[in-house]
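Residue numbers 18 to 565, in our numbering, belong to the letters of the sequence shown in order. From the three backbone atoms N, C-alpha and C, an ideal C-beta is built for every residue, glycine too.
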Amino acid sequence: MRQVATKVLIAGGGPVGLTVAMDLAWRGIAVLVLESRAPGEPPSVKCNHVSARTMEIFRRLGVARAVRDAGLPADYPNDVAFRTTTTGTELSRIPIPCRADRYSATGGPDTWWPTPEPPHRINQIYLEPVLFAHAGSMPGLRILNRVQLTGFKQHDDGVTASAADLDGGEDLTISADYLIGADGAHSLVRRHIGATLSGDAMLEQRQSSYIRAPDLLRATPTKPAWANTSLNPRRSANMFAIDGRETWLVHNYMRPGETFDTVDREWCIRTVLGVGPSFPIEIIAKEDWTARRMIADRFRDRRVFLCGDAAHIWVPNAGYGMNAGIADAMNLSWMLAGVLKGWASPAILDCYEIERMPITDQVSRYAMATSTALARQRGVVPDNIEHPGPDGDAARARLGQDAYDINVGQFCCGGLNFGSFIEQSPIIAGDASVAPGYTIYDFTASTVPGCRTPHIWLADRESLYDVMGPDFTLLRFDRDIDVGDFAAAAARKRVPLKVVDVSTNEPVYAEKLVLSRPDQHVAWRGNAAPADPAGLIDQIRGARGARG
C-alpha cells in the first residue's frame, strides 16, 4: 500500500475539481487530484458554455487565453437560432459574437456586461484538455490518473483516504488535511458523509446523441449558429455545434407517454434536422437521461466538502451546471487556503454552506422555471408552422418571438453571472442596504456588501480585476483617507491585504472605501476608515470576537 500525503485531496478531475485545484495551488496550497480517466481520455460531450464569471476566474489563474483559443473556429457564429428544423425556416435568432469578435463586439444582448472576460462557447471535450495542461504545469498540484477514491475516515486533524489504482497497480493510502468531493452526480463522497439529495426528481427526459453530419452546414439555409433549436409539430430538440464543421450534440426532448425504448433515435434526429433517410449521419455516442433539480441537504461534514454535481444536480438550462460548480469551488478555496495558511479561523469554513446553499437553491429554481417554460412552448407548436402563406408567416413570427423571449435569459444570463448576492453571512459586514434585484438575464452592479465587486476599466483600458490582489483588496477612491490602522490590523493577524488607489467617475463606486474578498465579493464598504479595524479584520477572517 503506497502512502501519499497532501494538504487538500480532491476526488474528481473534471472542470470543477481542476479549477478548485488550480486556485488552491495558485494560493500556495499543495493539492492532489484523483481522476479515474486516463490522461487525455475525453469526457462525455456535456457542458457547452463557460460563463463570464468562470472566464474571470480563468483570467486570474492565467488560463483564459488558452481556453478562449480552443473550441469552435474563431469566426464561427455563437448565435442561438430557432428554426422549424435545422435545415428549415428560421423563426428568430439571438445574436452572440463569435470568439474573434468577443472582446470588441457592441451589439447583442450580452455585450454590455461590465467584465474583462465575456462568456465563451466551448464544449467540455475541448475545455478539459486545456485545464489539465494548465493544472499539470502548476507547482504543488499533482494529478493521479486512473486512480479512484474508495473510502475515507475523518479524525481531529485530517482525513485518511483509500484509493484504488484502476490499472492494477498498488493501491494508495492518502493523508490530507481536507477532502473535496468533486466526483459528480453519483458522488461517493456525498454518500460517505451521509448527505442526501432532495428536490424535483424528474423534470423532463432527453435523448442525447453526439453525431457527425459532414453535409449539415451546407444544407442549412441561413447563417450557422452555435445553438440550434428545432420546433415543429413532430419533434422538438436543442442542438449544439461541437467542432463548427461536422459534429453536433442533439438533445431530443421526450414527449408525454414516450419512453427511451419506444422512440426511434435516428428517426428523431433526422426529423429534427429536417433531412431524409439518405442524408449521411453517424451517431458517435448516445446517452439517455433524466433532468432533475436535486440539492444535497448539506455541503460539508467537518473536514469534507462537496462541490459541483456532488452537491447539486439540475437541468442544465442557462449553461449553469458546471459554472455553478466552479462558483462553489471559488467560494470554498480561499477559505480553505486561509485556514491552512493560518490567517483564517477554522470557523470560517462554516460559511461555505451558509453562503452557497441559498444561491444554489435560487439558481436551480431559475433553471427549472426556464425548463418548464420551454416545455410549455414545445407543447403548443402550431400545426401550420411550416405552411406557406400569411397564416404560416404569422404563426412563425409569434413562435419565433416567444422562443427569443424565453431563451434570451438563459443564453445571455447576466443576472446569474453578476447579480447573485451573498446574504446573512457572518464574514460579510453588511450595512443594512438592500442589494439590487436581478433576474436570470438582468442585474444592476452594486457595492452593497455581499454583491460581486463591480468591474470597471481604469486608465489605458486596464482591468480593475487585474490590479487587485489575489486575497483581500481595499479599494480606496480618496487618497486622503488614512487606512494605516486597518492595514496594520490585517498585518497583525497575517490577513493578506492589498490597498489599491483608484481614480474613477463610475457611479457604482459611490463609497470611498470598498473591501473586496478573495472571491471578488464585497466584504465591507464605507466613507471613512473602519472605527474598529481589528474587529472588522476578525469578522472577515471568521474569528469575530477573538483577539488571539
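(message) Between the region 534 to 549 and the region 468 to 477, can you find at least three pairs of beta-carbon atoms closer than 8 angstroms?
(response) Result yes; three or more Cβ-Cβ pairs closer than 8 angstroms.
### Query
Residues in its own chain within less than 8 angstroms of residue 122 by CB, not counting five upstream and five downstream?
Once the five neighbours on either side are set aside, the close Cβ partners of residue 122 are 114 and 128.
Going along the chain, which residues of its own chain have a beta-carbon closer than 8 angstroms to the beta-carbon of residue 42, five neighbours each way excluded? Closer than 8 angstroms at the Cβ level, and outside the excluded window around residue 42, lie 48, 152, 155, 156, 157 and 158.
How would you write the range of the alpha helix (DSSP H) that residue 508 sits in, first residue to last?
-> It spans 501 to 509 - the alpha helix (DSSP H) in which residue 508 sits, taken as one unbroken run.
Tell me the DSSP secondary structure of residue 479 in three-state form. If DSSP states are grouped into helix, strand and coil, residue 479 belongs with coil.
(request) With DSSP collapsed to three states, give me the class of residue 303. (result) Three-state DSSP puts residue 303 in a strand.
Query - Through-space distance from residue 118 to residue 124, alpha-carbon basis - result: Roughly 11 angstroms between the two C-alpha positions.
**OP:** Identify whether residue 418 lies in helix, strand or coil by the three-state DSSP scheme.
**Re:** Taken through DSSP and simplified to helix, strand or coil, residue 418 comes out as helix.
Exercise. Rounded to whole angstroms, how far is the Cβ of residue 288 from the Cβ of residue 235, which I believe are closer than 8 angstroms?
Worked result: Their Cβ separation, rounded to whole angstroms, is 20 angstroms, which puts residue 288 and residue 235 out of contact at 8 angstroms.
Give a yes or no on contact between the region 380 to 400 and the region 417 to 431, applying the rule of three or more CB pairs nearer than 8 angstroms. The region 380 to 400, when compared against the region 417 to 431, does touch it at the 8 angstroms Cβ threshold.
Can you say whether residue 18 is buried or exposed, counting buried as having 16 or more other CB atoms within 10 angstroms of its CB?
-> Answer is exposed; the Cβ neighbour count stays below 16.
One or two residues paired with residue 25 in a DSSP bridge:
Note: residue 25 is bridge-paired with 48 and 195 in the DSSP secondary-structure output.
TODO: Could you please give me the residues that DSSP links to residue 541 through a beta bridge?
DONE: Residue pairing by DSSP puts residue 541 in a beta bridge opposite 532.
Practice task
Might you give, ordered along the chain, the residues of its own chain that have their beta carbon closer than 8 angstroms to the beta carbon of residue 74, omitting 5 neighbours on each side?
Solution key: Correct list, in chain order: 36, 40, 343 and 347.
query: Is it true that the CB of residue 512 sits closer than 8 angstroms to the CB of residue 351?
result: Contact flag unset, no.
Residue 212 to residue 20 span [Cα, whole Å]: Cα to Cα, the separation comes out at about 28 angstroms.
- Item | residue 101 vs residue 247 beta-carbon contact at 8 angstroms | With contacts defined by Cβ atoms closer than 8 angstroms, residue 101 and residue 247 form a contacting pair.
task: Helix, strand or coil for residue 253, going by three-state DSSP, please let me know.
output: Three-state result, residue 253: strand.
Who does residue 224 pair with in a DSSP beta bridge?
Residue pairing by DSSP places residue 224 opposite 269 and 305 in a beta bridge.
Pairs of beta-carbons, one from the region 444 to 454 and one from the region 477 to 490, closer than 8 angstroms: are there three or more? Counting Cβ pairs under 8 angstroms, fewer than three are found: no touch.
- Query: Hey, how far is the Cα of residue 337 from the Cα of residue 164?
  - Reply: Here the alpha carbon of residue 337 sits roughly 28 angstroms from the alpha carbon of residue 164.
Does the pairing of the region 191 to 204 with the region 310 to 322 give three or more beta-carbon distances under 8 angstroms?
Yes, since at least three Cβ pairs between the region 191 to 204 and the region 310 to 322 fall closer than 8 angstroms, the two stretches touch.
Practice prompt. Out of 376, 367 and 542, state which residue places its alpha-carbon closest to the alpha-carbon of residue 447.
Written response: Relative to the Cα of residue 447, the nearest Cα in the group 376, 367 and 542 belongs to 542.
Just how far apart, CA to CA, sit residue 564 and residue 442? Confidence is the limiting factor: at residue 564 the pLDDT is only 40, short of 50, which leaves the residue's position unreliable, though a coordinate-based value still follows. Near 20 angstroms, if we compare the C-alpha coordinates of residue 442 and residue 564.
- Query: Since residue 240 is in the beta strand (DSSP E), which residue starts that stretch and which ends it?
  - Reply: Under the DSSP assignment, residue 240 falls outside any beta strand (DSSP E); it carries neither an H nor an E label.
Counting along the chain, where does the beta strand (DSSP E) carrying residue 518 start and finish?
-> Residue range 514 to 518 is occupied by the beta strand (DSSP E) that includes residue 518.
Shortest alpha-carbon distance to residue 322 belongs to which of 193, 120, 228 and 135? Cα-wise, what sits closest to residue 322 is 193.
TODO: Can you grab the Cα-Cα spacing for the pair residue 90 / residue 260, in whole Å?
DONE: So the alpha carbons of these two residues sit roughly 7 angstroms apart.
Can you tell which of 391, 412, 389 and 407 has the C-alpha that lies nearest to the C-alpha of residue 400?
Checking every option, the nearest Cα to that of residue 400 belongs to 412.
TODO: Tell me, please, which residues DSSP counts as bridged to residue 165.
DONE: The partner list for residue 165 (beta bridge, DSSP) reads 181.
### Query
For residue 460, which residues of its own chain have a beta-carbon under 6 angstroms away from its beta-carbon, when the five flanking residues on both sides are left out?
In the same chain as residue 460, and ignoring 5 residues on each side of it, the C-beta atoms closer than 6 angstroms to its own belong to 431, 432, 435 and 436, in chain order.
Buried or exposed, going by whether 16 or more other CB atoms sit within 10 Å of the CB of residue 120? It counts as exposed.
Can you list, in chain order, the residues of its chain whose CB lies under 8 angstroms from that of residue 552, leaving out five sequence neighbours each side?
-> Closer than 8 angstroms at the Cβ level, and outside the excluded window around residue 552, lie 561.
Just reading off the alpha helix (DSSP H) that residue 372 is part of, what are its end residues? Per DSSP, residue 372 belongs to the alpha helix (DSSP H) from 367 to 395.
What are the start and end residues of each continuous alpha helix (DSSP H) run of 4 or more residues lying completely inside the region 46 to 102, in chain order? Runs found: 69 to 78 and 81 to 85.
Considering only residues of the same chain and omitting the five flanking positions on each side of residue 63, which have a CB-CB separation below 6 angstroms? So the list reads 141, once near-sequence residues are dropped.
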